[in-house]
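If you're matching them up, the sequences are chains A and B in order. Mind the numbering: the first sequence is residues 2 to 561 in my numbering, read in order. Mind the numbering: the second sequence is residues -8 to 338 in my numbering, read in order. Virtual Cβ for every residue (Gly too), placed ideally from N, Cα, C. Treat the numbers as computed from the prediction; the structure is a model and nothing was measured. Below is one structure, written out as structure tokens, with a few remarks after it.
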Amino acid sequence: MTVVHRPTPPDSTAAAPDEADALLSVRDLRVDHATRSGRHRAVDGVDLDLFPGEVLALVGESGSGKSTTARAILGLSGRARVGGRILLHGSGGTRTDVLTATERRLRQVRGGEIGFVPQDPAAALNPVQRVGAQVAEAVRLHHRTDRAGARTNAVRLLGEAGLPDPARIALRLPHELSGGMRQRVLVAMALAGGPRLLVADEPTSALDATVQHRLLDHLDHLRSEQNLSMLLITHDLGVAADRAHRIAVMSAGRIVEQGPADAVLHRPGHTYTRALLEAAPGLDDPTGADAPRTDPNANDGPPLVRVENLIKDYGGPEPAVAGVDLTLERGRTYALVGESGSGKTTTARTVIGLTRPTSGSVLFDGVDLTSLRGSRLRRMRRRFQVVYQDPYASLDPRTGAAASVAEPLRAFRVGDRAWRRARAVELLDRVGLHASTADRRPGELSGGQLQRVAIARALALEPDLVVCDEPVSALDVRVQARILDLLAELQRDLGVAYLFISHDLAVVRRVAHRVGVMHRGRIVEEADVRTLFAAPEHEHTHELLAAVPGRARAHREIPV
Amino acid sequence: MGRHAHAVARRTRPAGFGTAGPGTGTVTRYVLRRLFQALLVLWAAYTATFALLYLLPSDPVSLMLRGGGEESFATPEQEAELRERWGFDQPPAIQYLTMLGLALTGDLGTSLTTGQPVVAALAEALPPTAQLAGAALVTAVLLGGGVAVAATYTRSPLLARFLTALPPVGVAMPTFWVGLVLVQVVSFQWGLLTALGGETSAAGLVLPALTLSLPVAALIAQVLSDGLRAELARPHTTTARAKGASRARVHLAHALSGGVLPTLTLVGVVTGELLAGAVVVETVFSRPGIGRITATAVEAQDLPLVQGVVLLAAVVFVLANLLVDLLLPLLDPRVRIGARRPGGAAA
């Protein structure tokens, strides 16, 4: 029952502290975006209070208005129409309403009083400026200092953000750093102006679980050291449960529930909160590994894929894949877990012949793929397909859903045009998409719908194996749960095997039969899913398990 | 907050983290390799024009003698003598090799119409054209850049729409028409900036340079405003705003630093465009220069001169693009000189 990462709230007994003590109080915030079809209300009457030293998590799915709220607090709503009040209480009893403040005052507020940690560290840094210069710019915008002073300060901030050898890192360009390092640069930048409040918009959702864990720990540490308040925006209830004193749940532009973290998690009052909680793939999930898993196709005949001593060396300091053995049975799911860079994707690409291994063999249904070339390899390709992480990137934005699904059929000259179209619509129906979506383009579909299209496309040629490369990590939790259910159902009905790549153990627990934990190009532990979660052996597995958000919650009980 | 404004004006990079560029040896090797490639390009251009011009059905001597479709006064014997003198009686392969050999020593032959050596003719015509094209390029960059920055910076939707509509208009207007209208209105009606008569004075340069710059400025405005808009839509500009940077600073220091890159590449390409435009502009404004030479040489089918002009254009084109490629790493440190691909190790 130990709650590891939850800092004690500054005043845990007070039910509703006075607004006058608040650092930030948002009242009746309304944000309207102008769209072609008229105005769209993204935020509809939001009230929030944030007290000194407090962490408030704003939880909701994409499109719920969380990020719009964050932008409004920074006075960065752009062309949107904003109403209500956003009061920032200064240390000397001063009050600033962000919505009516002058641009000049807002420039002091941004960075100087409110630090902003954006999501997607890959895109949030200027790609053509050295990261040290970008931090130094933030320093100079808020402190009177010369260039050398700003530089020294920037290096110190980078060090405080937990970057090793900050003086050297300062000279790097963003693309030369890993995702976790970039996010630390953004943290350094947010703290450069000496703010009292941090607004963190999904600060870690683009990162691996272990990196995410370390970064959030560090953020907690910095926050308590400098007595900062934090508005943490996240779609991940696990993260909110671990890190926040209070949680506000947002849906369709409104706050549907707000209260102390424990109360919201244990006694959810709103049906939407319940739905979110049920969908969250925590480690206590009743639909997880302990649920009986029917696999009628399992264990009859030889394995579908047998990988032996696979090595792929790109010429780096160590090979990307350094001797992997794995066996995938027909109709079952083998999950490869590990951090990014551990060699999961390279292994999977080799299994389906997209990458040639340096050495080792890949037997697909008894045929060595590494020896196949040209048309014989192409013929084998009918039998394995891929579903990628980002459906926005893996589907042609100018092609309708049915045409995308029919593309593999066209490539292998299966049937005529009309037949392929009929088959595509049937497949879309199979993955739960109505015929009316058949001609929609990716821009007109949601992330979950797009991933369904990608799954339908992968199934078009009735393959024996589908490689799923992080198929749900770009999706909201509730959508995640539905896609995982769909994958399981399709496996039951069609007997397809999955090679499932993920960094998220909670997701893996839900779908896999067998799990291989990858670390630095090797499988360091392999076991049946139940065994792995019940008695993990390798220390890296322990580390991955500890990083799963929502551990704090997992140790408590949720009344359903 | 005034200090932000001058910080913007002072430099694009916010604070001095020096560039960890490649060593001078790498740059020298890169430039040498590019110059060698340039020689190949020149050779290819020379050979292609030779093939095109010399293998045409008619022959230079008869063209020269019957210029304008009149009867030739020369006897067939005299014609044959002329052919022999210029070497046109030789098989094409021999002609080609002889001329290539001479070209390598810097002799591009003699103009068939004036008898002047081609190199001398080009050297004489180059300064006024260089002046014109240079002025036009500077104007185009300032004008196009200004329109692009203003169109993306303004908060007035009306002004933004107006400025955004300018580039397509600028591209669509034919150069000769713009030139004639400018002469008509500015010189004749207002009596300003007398432009005709081959004046190479500064005042005489204004109208031709403006005329020549308009289509190029329109292209630059189009590409740069697209680049700026794309950068401004990227999350990193929001990050900069959230740091407390002013709109102007975000626009000039952050959006421009990335958004200008496609425009830089474009400028290398349009330099060739300027030479082509000079043909029309120099004719309209009766200025001496490469454009005029080109026009007359083509009209008279003065093949050695045409070939000289083509070579000169190739040289300008190659040098402009080399310059752009050398400038690019200064603006985009992700690009390393001599690297085989972005982010890769230096060759």
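Exposed unless 16 or more other CB atoms sit within 10 angstroms - verdict on alanine 111 (chain B): exposed
Where alanine 112 (chain B) sits in the DSSP three-state scheme: helix
Spatially closest choice to aspartate 326 (chain A) from A:Arg399, A:Gly260, A:Leu364, by CA coordinates: A:Leu364
At the 9 Å Cβ level, is glycine 59 (chain B) part of the contact set with chain A, yes or no? Here the model assigns glycine 59 (chain B) a pLDDT of 49, short of 50, so the residue's position is not dependable, and the following value carries that caveat. No, because no Cβ of chain A sits closer than 9 Å to the Cβ of glycine 59 (chain B).
Are any of the Cβ atoms in chain A nearer than 9 Å to that of leucine 322 (chain B)? yes
In the structure shown, what three-state DSSP assignment does threonine 101 (chain B) receive? strand
Could you check whether methionine 231 (chain A) and alanine 201 (chain A) sit closer than 9 Å to each other, using their CB atoms as the reference points? yes
Assigned exposure category for proline 165 (chain B) - 16 Cβ within 10 Å defines buried: exposed
For a contact meaning CB atoms closer than 8 Å, what does serine 248 (chain B) contact in chain A? Asn127, Val129, Gln130
Unbroken alpha helix (DSSP H) runs of length 4 or more, entirely within the stretch 412 to 442 of chain A: which are they? 418 to 431
Check the Cβ-Cβ distances between serine 347 (chain B) and every residue of chain A, and say whether any is below 9 Å. Only positions -8 to 338 of chain B appear in this structure, which leaves residue 347 (chain B) out of reach.
Let me check understanding here. Comparing Cα to Cα, which of B:Gly259, B:Ala305, B:Gly170 lies closest to glycine 195 (chain B)? B:Gly170
Going by beta-carbon coordinates alone, are threonine 359 (chain A) and proline 320 (chain A) separated by less than 9 Å? yes
If you compare alpha carbons, which of A:Ala123, A:Thr146, A:Arg148, A:Val132 is closest to leucine 172 (chain A)? A:Val132
Can you pull the chain B residues whose beta carbon is under 8 Å from the beta carbon of histidine 143 (chain A), in chain order? Gly235
So with CB distances below 8 Å, who are the chain B contacts of glycine 160 (chain A)? What glycine 160 (chain A) touches in chain B: nothing, since even the nearest Cβ is about 15 Å away.
Candidates B:Thr104, B:Val176, B:Ala231, of which the one nearest asparagine 629 (chain A) by Cα: Any answer about residue 629 (chain A) is impossible in this case: the structure gives chain A only from 2 up to 561.
Residues in its own chain within less than 7 Å of leucine 265 (chain B) by CB, not counting five upstream and five downstream? Ala124, Ala127, Leu128, Leu203, Val207
Rounded separation between proline 537 (chain A) and histidine 543 (chain A) - CA only: 6 Å
Spatial distance of serine 252 (chain A) from alanine 43 (chain A) (CA atoms): 10 Å
What would DSSP say about alanine 528 (chain A), mapped onto helix, strand or coil? strand
Which of helix, strand or coil DSSP assigns to asparagine 312 (chain B): helix
Using a Cβ-Cβ cutoff of less than 7 Å, which residues in the same chain neighbour alanine 191 (chain A) once the five nearest sequence positions on both sides are dropped? Gly116, Phe117, Val118, Leu199
How many Å lie between glycine 54 (chain A) and serine 206 (chain A) at the Cα? 23 Å
How would you write the range of the beta strand (DSSP E) that glutamate 258 (chain A) sits in, first residue to last? 255 to 261
Between the Cα of glutamate 330 (chain A) and those of A:Pro196, A:Val525, A:Pro304, A:Thr153, spot the shortest distance and give me the residue it belongs to. A:Pro304
So the alpha helix (DSSP H) phenylalanine 167 (chain B) belongs to, where does it begin and stop? 166 to 173
Of all Cβ atoms in chain B, is any one closer than 9 Å to the Cβ of leucine 75 (chain A)? yes
Which residues bound the alpha helix (DSSP H) around glutamate 161 (chain A)? 148 to 161
Using only CA atoms, which one of A:Thr274, A:Val525, A:Val306, A:Leu178 lies nearest to glycine 367 (chain A)? A:Val306
Leucine 149 (chain B): buried (16+ other C-beta within 10 angstroms of its C-beta) or exposed? exposed
Decide if proline 293 (chain A) is buried, meaning its Cβ has at least 16 other Cβ atoms within 10 Å, or exposed. For proline 293 (chain A), the predicted model reports a pLDDT of 41, less than 50, meaning its position is unreliable; a value from the coordinates is still stated below. Exposed.
Here's the rule I'm using: 16 or more other beta-carbon atoms within 10 Å means buried, otherwise exposed. How should leucine 91 (chain B) be labelled? exposed
Once DSSP output is grouped into helix, strand and coil, what is the label at glutamate 401 (chain A)? In the sequence as presented, glutamate is not what sits at residue 401 (chain A); that position holds glycine. The answer is coil: DSSP assigns glycine 401 (chain A) none of H, G, I, E or B.
Beta-carbon of arginine 152 (chain B) versus every beta-carbon of chain A: anything under 9 Å? no
Can the beta-carbon of aspartate 22 (chain A) be found closer than 9 Å to that of valine 47 (chain A)? no
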